[in-house]
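The structure under discussion appears below in the form of C-alpha cells.
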Amino acid sequence: MSNAITTEKVYDWLQGVTDPEVPVLTVLDMGIIRDVQLDTDEKGSVTATVVITPTYSGCPAMDVIGMNIRMALLSRGITKVNIEQQLSPAWTTDWMSEEGKQKLKEYGIAPPERKSDDALDMFEDDSVACPRCGSEDTELVSRFGPTACKSLYRCLSCKEPFEHFKCH
Amino acid sequence: MLDHLFYTLQLADNALILGHRLGEWCGHGPVLEQDIALTNISLDHIGQARSLYQHAAHLTNEIPQEQRAKIFQSVTLNNKINSGELLQEDDLPYLRDAWDFRNALLTEQPNGDWAYTVARSFFYDVFYFLYYTKLKDSKDAQLAAIAEKSLKEVAYHQRWSSEWMIRLGDGTEESKTRIQNAVNDYWQYSGELFVMSDAENAMLKKGIGVDAAALKPEWDAKVEAIFKEATLSIPEEKWMQKGGKQCRHSEHLGFILAELQYMQRAYPGMEW
Ligand SMILES: [Zn+2]
Chain A
0 MSNAITTEKV YDWLQGVTDP EVPVLTVLDM GIIRDVQLDT DEKGSVTATV VITPTYSGCP
60 AMDVIGMNIR MALLSRGITK VNIEQQLSPA WTTDWMSEEG KQKLKEYGIA PPERKSDDAL
120 DMFEDDSVAC PRCGSEDTEL VSRFGPTACK SLYRCLSCKE PFEHFKCH
Chain B
0 MLDHLFYTLQ LADNALILGH RLGEWCGHGP VLEQDIALTN ISLDHIGQAR SLYQHAAHLT
60 NEIPQEQRAK IFQSVTLNNK INSGELLQED DLPYLRDAWD FRNALLTEQP NGDWAYTVAR
120 SFFYDVFYFL YYTKLKDSKD AQLAAIAEKS LKEVAYHQRW SSEWMIRLGD GTEESKTRIQ
180 NAVNDYWQYS GELFVMSDAE NAMLKKGIGV DAAALKPEWD AKVEAIFKEA TLSIPEEKWM
240 QKGGKQCRHS EHLGFILAEL QYMQRAYPGM EW
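So, in C-alpha cells, the structure goes:
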C-alpha cells in the first residue's frame, strides 16, 4: 500500500477529535490517549486499537469521545477500530498539555495549575486567575459545575463569571 | 468464584444505591450550587458502579452455564441467563430483585432533610476513602484499578461532606439540632460497614478483598476529629443494624428498585 497507515498518522487524526463538552481541547491535549496499536492482516485491512483512560468515572462524554475516535479513524480507511478503556494509572489533569491549557484560557476557562497530589485542606480552594482579565481577585462560587471536571468562579475585577477546569 | 462475584456486587450495589439516593435530590437542592454538587457526586457513584457492574458481569459470564442459573434468586435475571445470553453490565442493576442486592443498609436510608443526607454521605465517604486506599493493592487488577480511579473522587466527596458536617454542627441552633438528630438516627447503620460479609471474608483470604473490620479505629478517629470541630457529640448507642451486605434489606430498597428498574421491567431491553 502506498498510503500506509502509521501510528503517527493516527495521532495526527486524533488531533481532530475534541471533547464534546470542552470543544477546544483535543483528546491528546486532555491526555486521555494511552496507546495506539495497528494491526494489518494479509488482505491489507487495518485494525486500530486505541486505549483511552476516562477522566471521571461517570463522565458521559467518554462514550461520545469513543464514538468520535471510531468515526475519525474509520473515515480514513481503517477497517476496524477497538476502543479499550484503561483505568490505571488514574487520569490526572497533570497530563494535560501546556498547549491545551493555553487553549482553555483563550476559550475563557481557567486551566488546572495545582499538581493533583498537592491536596487542598478543608475549606481551602484554589486561587485562580481570571481567564479574561488576568486578575487574581476572584472567588469560588461553586466547587461543582455543569460538568464533573469544572468548578465555578467569579472575577471581582471585571465582574465576569467563569469556569475553572478542576485540578484532579 | 461466587464469592468474588458477590464481593464485586457488594461494592457495585453500595455505589449504585447511594448514587441513586443522591440523584433524588436533583431539582430539590436548597441552593442551585448544592443541587449541582449532589448530582455531580451522584454521577461519580454511578460511574463507579458501572465499572464494577462491568466487572461483575464478566465474572458471572465466566461461571459455567449450569451453575450460572443457580446464583441468583431473581426470576427475570435467571430467564436471561437460561436463554444462554451473556450478561451485560445493565442486567445486574436492572434485573435483580431486592433479595439479590448486597449494599449496606446505610446507603438505602431515605434522604430525609439536608442534614440526614449529609450525615449518611459523611459516614460512607470516610469509610470508602479508607477502603479504596487498601483496595488499590488488591490482587484483582481490575478491582485495584477501579479503586485507584475512585479514590480521587471519594477524596473530593469526603471533603464536601466533612465540611458540611462542620458547617451545620458549628452553625445555627437549628442546623446543629438537625445534624445531631440525623447523626443519632443514622449512627445505627454505620456499624455494618465494618461487619465482614461472607464474601468479604473469603476475598480477604485471597488477597483480593479488604479487611473492613480493621478500618474501624481509623474511621472512628476521623469521625471524632470532624465531630469535635463540628461541636457534635458521638451517639452513645452501640447496637448496630446489619443485614444489607447479606441481602437482608430494610423496606426502603424495594421502593428504590421500583423506580430505578421501572423502564426495564415495563419495556424489557429498551434502549435510547
Ligand atoms: Zn476578570
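So the protein sequences, as listed, match chains A and B.
Read in order, the letters of the first sequence correspond to residues 0 to 167 in numbering that gives the first Met the number 0.
Read in order, the letters of the second sequence correspond to residues 0 to 271 in numbering that gives the first Met the number 0.
Ideal placement from N, C-alpha and C gives every residue a C-beta, glycine not left out.
No experiment lies behind these values; they were computed from the predicted model shown.
If you draw a straight line from the Cα of B:Arg-67 to the Cα of B:Thr-230, it is about 51 Å long. With a minimum length of 3 residues, the unbroken runs of beta strand (DSSP E) contained wholly in the stretch 21 to 62 of chain A fall at 21 to 25, 32 to 39, 45 to 51. By the Cβ neighbour-count rule, A:Gln-36 is exposed, with fewer than 16 other Cβ atoms within 10 Å of its own. Within the model, the alpha-carbon separation for B:Ala-140 versus B:Gly-268 is close to 31 Å. For the options B:Asn-77, B:His-3, B:Glu-65, B:Glu-236, the alpha carbon positioned closest to that of B:Ala-55 is the one of B:His-3. Beta-bridge annotation (DSSP): A:Phe-164 is paired with A:Lys-149. Spatial neighbours of B:Met-202 in its own chain (CB-CB distance under 7 Å, excluding positions within 5 residues in sequence) are listed in chain order as Asp-2, His-3, Tyr-6, Gly-208. Scanning chain A for C-beta atoms nearer than 8 Å to the C-beta of B:Ser-161 yields Met-121, reported in chain order. Using a cutoff of 8 Å, the CB of A:Ser-126 does not count as near ligand 1, since none of the ligand's heavy atoms is closer than that. Just so you know, the alpha carbons of B:Asp-184 and B:Lys-151 end up roughly 29 Å apart. Counted as a single uninterrupted DSSP element, the alpha helix (DSSP H) harbouring B:Leu-31 occupies residues 31 to 61.
The Cβ-Cβ distance between A:Val-23 and A:Thr-46 does not fall below 9 Å. Taken in chain order, the members of the stretch 135 to 147 of chain A whose beta-carbon sits within less than 9 Å of a beta-carbon on chain B are Val-140, Ser-141, Arg-142, Phe-143, Gly-144, Pro-145, Thr-146, Ala-147. DSSP, read as helix, strand or coil, puts B:Ser-120 in helix.
With a cut-off of 8 Å, the C-beta of A:Glu-162 is classified as distant from ligand 1, since no heavy atom of the ligand falls inside that distance.
Taking C-alpha positions only, A:Tyr-55 is separated from B:Ser-73 by approximately 32 Å. Collapsing the DSSP output to three states places A:Asp-18 in a strand. Taking a contact as a CB-CB distance under 8 Å, the pair A:Gln-85 and A:Thr-52 counts as one, their CB atoms being some 5 Å apart.
Taking each of B:Asp-197, B:Leu-104, B:Thr-75, B:Arg-166 in turn and checking the Cα distance to B:Ala-114, the smallest one comes out for B:Arg-166.
Less than 9 Å separates the beta-carbon of B:Ala-198 from that of B:Gln-9. The set of residues with CB atoms less than 5 Å from any heavy atom of ligand 1 reads, in chain order, A:Cys-129, A:Arg-131, A:Cys-132, A:Ser-134, A:Cys-154, A:Ser-156, A:Cys-157.
Contact between B:Asp-12 and B:Asn-102 holds, since their C-beta atoms are separated by about 4 Å, short of 8 Å. Listed along chain B, the residues sitting closer than 7 Å to A:Gly-57 by beta-carbon distance are Leu-42, Asp-43, Ile-45, Gly-46. In this structure, the CA atom of A:Val-26 is about 7 Å from the CA atom of A:Ile-32. The criterion of a C-beta distance shorter than 9 Å is not satisfied by A:Tyr-106 and A:Val-127.
For A:Gln-84, the pairing in a beta bridge is given by DSSP as A:Ile-51. Taking the CA atoms as reference points, B:Glu-236 sits about 20 Å from B:Thr-106. Assigned with DSSP and collapsed to three states, A:Leu-139 falls in strand. For the stretch 24 to 36 of chain B, the set of residues with a beta-carbon nearer than 7 Å to any beta-carbon of chain A comprises Glu-32, Ile-35, Ala-36, in chain order.
With a 10 Å radius around the Cβ and a threshold of 16 neighbouring Cβ atoms, B:Cys-25 comes out exposed. A:Ala-109 sits in a strand when the DSSP states are folded into three classes.
Just measuring C-alpha positions, the residue of B:Trp-98, B:Lys-148, B:Ser-189, B:Leu-94 sitting nearest A:Ser-115 is B:Lys-148. Among the residues of the stretch 207 to 224 of chain B, none has a Cβ less than 9 Å away from any Cβ of chain A. Taking a C-beta distance under 9 Å as the contact criterion, B:Ser-196 and B:Gln-108 do not qualify as a contact pair. Within the stretch 95 to 112 of chain B, no residue places its CB atom closer than 7 Å to a CB of chain A.
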